[in-house]
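Read through the structure below, which is laid out as structure tokens, and then see the notes.
2 protein chains.
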Amino acid sequence: MAKDKKLVEAITSMEVDFAQWYTDVVKKAELIDYSSVKGCMVIKPAGYAIWENIQKELDRRFKETGVENVYMPMFIPESLLQKEKDHVEGFAPEVAWVTHGGLNPLQERMCIRPTSETLFCDFYANDIQSYRDLPKCYNQWCSVVRWEKETRPFLRSREFLWQEGHTAHATAEEAEERTLQMLRLYADFCEEVLAMPVIRGRKTEKEKFAGAEATYTIEALMHDGKALQSGTSHNFGDGFAKAFGIQYTDKDNKLQYVHQTSWGMTTRLIGAIIMVHGDDSGLVLPPEIAPVQVMVIPIQQHKDGILNKACEVKELLAQAGIRVKMDDSEKSPGWKFSEQEMRGIPIRVELGPKDMEAGKCVLVRRDTREKTECPLEEAAAAAVELLKTIQKDMFERAKKHQESHVTEVKSYDEFKDAVEHKPGFIRAMWCGDVECENKIKEDTTATSRCMPLEAQKAVSDVCVCCGKPAHKLVYWGKAY
Amino acid sequence: MAKDKKLVEAITSMEVDFAQWYTDVVKKAELIDYSSVKGCMVIKPAGYAIWENIQKELDRRFKETGVENVYMPMFIPESLLQKEKDHVEGFAPEVAWVTHGGLNPLQERMCIRPTSETLFCDFYANDIQSYRDLPKCYNQWCSVVRWEKETRPFLRSREFLWQEGHTAHATAEEAEERTLQMLRLYADFCEEVLAMPVIRGRKTEKEKFAGAEATYTIEALMHDGKALQSGTSHNFGDGFAKAFGIQYTDKDNKLQYVHQTSWGMTTRLIGAIIMVHGDDSGLVLPPEIAPVQVMVIPIQQHKDGILNKACEVKELLAQAGIRVKMDDSEKSPGWKFSEQEMRGIPIRVELGPKDMEAGKCVLVRRDTREKTECPLEEAAAAAVELLKTIQKDMFERAKKHQESHVTEVKSYDEFKDAVEHKPGFIRAMWCGDVECENKIKEDTTATSRCMPLEAQKAVSDVCVCCGKPAHKLVYWGKAY
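Heads up: the protein sequence lines correspond to chains Y and E, in order.
For the first sequence, this note's numbering gives the first residue as 1, with consecutive numbering after it.
For the second sequence, this note's numbering gives the first residue as 481, with consecutive numbering after it.
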């Protein structure tokens, strides 16, 4: 059975080679496959189903805040991309260019959207006229293209799936409030649904989005101690509005520029789930996002009544609202366990002849491997409870990991030592000068991840790099 | 109030100029806007919400048949596109070419997918090894690009949204069964959800999909008597499998080629909804697909208690599972009625001071404008019933329109006269020779729409064009 083999043969241990472990998991859990298109991946059913659940829940939360979905063209004419100076400088080096349509060269070449600020601005310039047209809170689900040189499944690929929200407001205050509202929504989503704790913060000038006045970010910590930027929310002020002429007449009949925001999350989140929760047996999915929450596995299924009873249990679980499947294939129970573990399914229910006789089954947690016996008639209620417990425990465990991987440093030597020997975030003061930021990156490869939003006690009163007075507390780290 | 004006000013009558009526409706009902990207449109919230409902219901029906969603790259390297001869001939003249990535020319240019058979085949060639891997029933929701010269919103644009299903099977029989299963699914969806009757049929050799062995289609009739191809399902036999080397070992350990299908539906369906159901007041949406099913409109809303009571009614309807909104803007009731009609919202509930006194409200159907008075406490139940009635009546009306626009002809003179003077489908016999098909198209602009799947009595025993013996009954017509 070549296919079973492929799935369950041992993967590289994460302690031995974390990068190889990651690659093994995405392949063996059948999340993706490589394609003939360099730098692009095929997202397979097991991977796409996770994305569908992310979409469904994020979309629901967006709409609760008044966001409406739209769809913009995938092409950006070169002249449109060039309208906002910082933005074009940021993106032009990494876009794909369409030069021919059918058999003819285009009069003006177009890039495939790397992000759609310019298209939304072009649209808003016509669509917004009066204060009565505001605010506009639009979002789209689509794919975007950035011509990366080095790619890794989910984390960095030439094409990826995302949502991009683009809003326009009458006042600067309202735009700032929306920017932060969406950052909070992202953070809550990561913590409540993906069981992934995040640091909420603001990017430095150097790290902010091309064309933004302020970029806010949520940063998560992967198992190997590297940071992953998991969602960003940008306040553009009226910069794009001025470049694109997006004006409205206010209540006093005066022309005003709108204030804009944008915010996005991507399939990168699937990479984050893998690297926060996974282990040496493969993927571990938080119940809230798992496409299959429980796998029922009959033992000695050829024996009389076993399959029927397993099917009954499956139905009871389904009726309790659980996403449940049964593996009644011809493979051995051992294979099935390994597959269920590799795929990260939160619970498996084992049911064999002895269990049946005793009127019970065994619930096995994927995250801790803990086993619980349970009367058959209580299986559904027990599984519902256990899924909640797993969700909570996974968050707590990830939170503990994150908190135990923050190193506070006061001197540059301590900083360099921490980058070298203490995986995780480094908390250190910074004077605000980009030269220090550049020097730190050059010396250590660590970058400024964010300045935390919540008030935190200063580590010292001088810059960890240059020693000048410093008031900014920064989380630093190596990052994906 | 410039914006109200824009929305409700009179649109062109469909009797005067159907094409202009269509354009007016898509713009005034705020379904789309034109963009700076030639041939591409912006799908606005009211339009995209219809697409979301189409997606949700189609996706549910797909999954019930065992289909799983995936995502393939949007790029096709030129060499991959060229692997199947008929396919590349069909699509190469109308694709957009990417020639540069970032600042560098690509070693091999790539087109943006016009459809993804080649990508799925390339994937299946690696992914399918054994009979145990079959069938594969994959689908993706994405956008595709075809470099059309003349474009119209929803009906023909350079980029459009769709779903494309791609399946691989062990046997020819299973592939044929899947092809027809999906055609039936499409037809049922159109009739049950979009209230749009369709003719199920098979395309002629000339009209079939590039690379297919057989193409099945559903054809709907628009209000102006032109046909619209609304969904297609293709059986590829083993043609693509041979071109791409997609083989599996069967139970006897012999290498076999797989048999494949593909099937798709697009945002074109929104154009069909408009042209089947719309009238001179704008859009008319079938309740099943309408993003807002009921609009509650308070009359003299400044008067004591009216807004509260209207809000109560809205809540009662929402609790009954109806998608309901209330228009409590400062516009006059007349404006609000016109807007609700333009947007095609199936029912409006009017509630004024006299109604409130009498403890009742008025339900007004969008499709017939019929008014019913109804005690407030019965409003929700009445609306639920009325939505069902509207859905049924809209289908019956469209069905009657379609049936009354079929002309049976025996001679070529009758054929030409029918094309000229009798809008709708023409039923006529055909010998099977592509030259007759070409001549008919050249002489009359009518094309063969399909050979109906359900057995129908022959119109005569000779070809309507050349007079030779003929056994094939064909629906002909002008088409979008």
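Every residue gets a Cβ at the ideal spot worked out from N, C-alpha and C, and that includes glycine.
- Here R184 (chain Y) carries a helix assignment [DSSP, helix/strand/coil].
- In this structure, the beta-carbon distance from T261 (chain Y) to H234 (chain Y) falls below 8 Å.
- Runs of the alpha helix (DSSP H) spanning 4 or more residues and lying entirely within the segment 595–643 of chain E occur at 597–607, in chain order.
- Considering only beta carbons, the part of the segment 558–579 of chain E lying closer than 8 Å to chain Y consists of L560, P573, E574, V575, A576, W577, V578 and T579, in chain order.
- Just measuring C-alpha positions, the residue of Y:W21, Y:A10, Y:M14 and Y:K44 sitting nearest P291 (chain Y) is Y:K44.
- Listed by position along chain E, the residues whose Cβ is nearer than 7 Å to that of M74 (chain Y) are S623 and E639.
- Rounded to the nearest angstrom, the Cβ distance from C601 (chain E) to V547 (chain E) is 18 Å, too far for a contact under 8 Å.
- Closest in C-alpha terms to W956 (chain E), from the list E:T684, E:P573 and E:A576, comes E:T684.
- Only those residues of the segment 599–613 of chain E whose C-beta falls short of 8 Å from the nearest C-beta of chain Y are listed: L599, D602, F603, N606, D607, Q609, S610, R612 and D613.
- A check of alpha carbon separations from P633 (chain E) across E:W501, E:D807 and E:V673 identifies E:W501 as the nearest.
- Identification of chain E residues near N69 (chain Y) by a Cβ-Cβ cut-off of 8 Å yields P525, Y528, A529 and E532, ordered along the chain.
- Note: S262 (chain Y) is bridge-paired with Y:H166 and Y:H234 in the DSSP secondary-structure output.
- A straight-line Cα-Cα distance of about 38 Å links S143 (chain Y) and V349 (chain Y).
- When the five nearest sequence neighbours on each side are left out, the beta carbons in the same chain lying within less than 7 Å of the beta carbon of M394 (chain Y) are those of A195, H277, P286 and D367, in order along the chain.
- Setting aside the 5 residues that flank it on each side, V942 (chain E) is surrounded in the same chain by M909, K948, P949 and A950, each with a C-beta closer than 7 Å to its C-beta; the list follows chain order.
- The Cβ of S233 (chain Y) sits no closer than 8 Å to any Cβ of chain E.
- A contact is defined here as three or more CB-CB pairs under 8 Å, and the segment 380–395 of chain Y meets this definition with respect to the segment 339–347 of chain Y.
- Only buried fits E339 (chain Y), as 16 or more other CB atoms lie within 10 angstroms of its CB.
- E:D613 is the residue among E:A499, E:E569, E:D613 and E:I753 whose C-alpha sits nearest the C-alpha of Q736 (chain E).
- A straight-line Cα-Cα distance of about 17 Å links G711 (chain E) and E532 (chain E).
- Sequence-distant partners of K360 (chain Y) (beyond 5 residues in either direction) whose C-beta falls short of 8 Å from its own C-beta, in its chain, are E373, C374, P375 and L376.
- The beta carbon of S515 (chain E) sits closer than 8 Å to some beta carbon of chain Y.
- Within 10 angstroms of the beta-carbon of L583 (chain E) lie fewer than 16 other beta-carbons, which makes it exposed.
- C-alpha of K400 (chain Y) to C-alpha of N253 (chain Y): approximately 55 Å in a straight line.
- For W147 (chain Y), the chain E residues whose Cβ falls inside 8 Å of its Cβ are G581 and G582, in order along the chain.
- In the pairwise beta carbon analysis, the segment 738–755 of chain E is classified as touching the segment 650–662 of chain E: at least three pairs are separated by under 8 Å.
- The beta-bridge partner set that DSSP reports for Y514 (chain E) consists of E:M521.
- Residue environment: Q587 (chain E) is assigned as exposed (fewer than 16 neighbouring CB atoms within 10 Å of its CB, all protein chains considered).
- Inter-segment contact for the segment 54–67 of chain Y and the segment 178–197 of chain Y is present: three or more beta-carbon pairs are separated by less than 8 Å.
- Excluding five sequence positions before and after K28 (chain Y), the CB atoms of its chain that fall closer than 7 Å to its own CB belong to L7, I11, G282 and M342, given in chain order.
- Taking 9 Å as the upper bound on Cβ-Cβ separation, chain Y lies near no residue of the segment 904–938 of chain E.
- G645 (chain E) and E597 (chain E) have their C-alpha atoms some 9 Å from each other.
- Contact between S130 (chain Y) and T249 (chain Y) holds, since their C-beta atoms are separated by about 5 Å, short of 8 Å.
- The continuous alpha helix (DSSP H) containing I920 (chain E) extends over residues V914 to T924.
- If you check each beta-carbon in the segment 494–522 of chain E against every beta-carbon of chain Y, the ones closer than 7 Å belong to D513, S515, S516, V517, C520 and V522.
- Taking 8 Å as the cut-off, the beta carbon of G691 (chain E) is found closer than this to the beta carbon of E564 (chain E).
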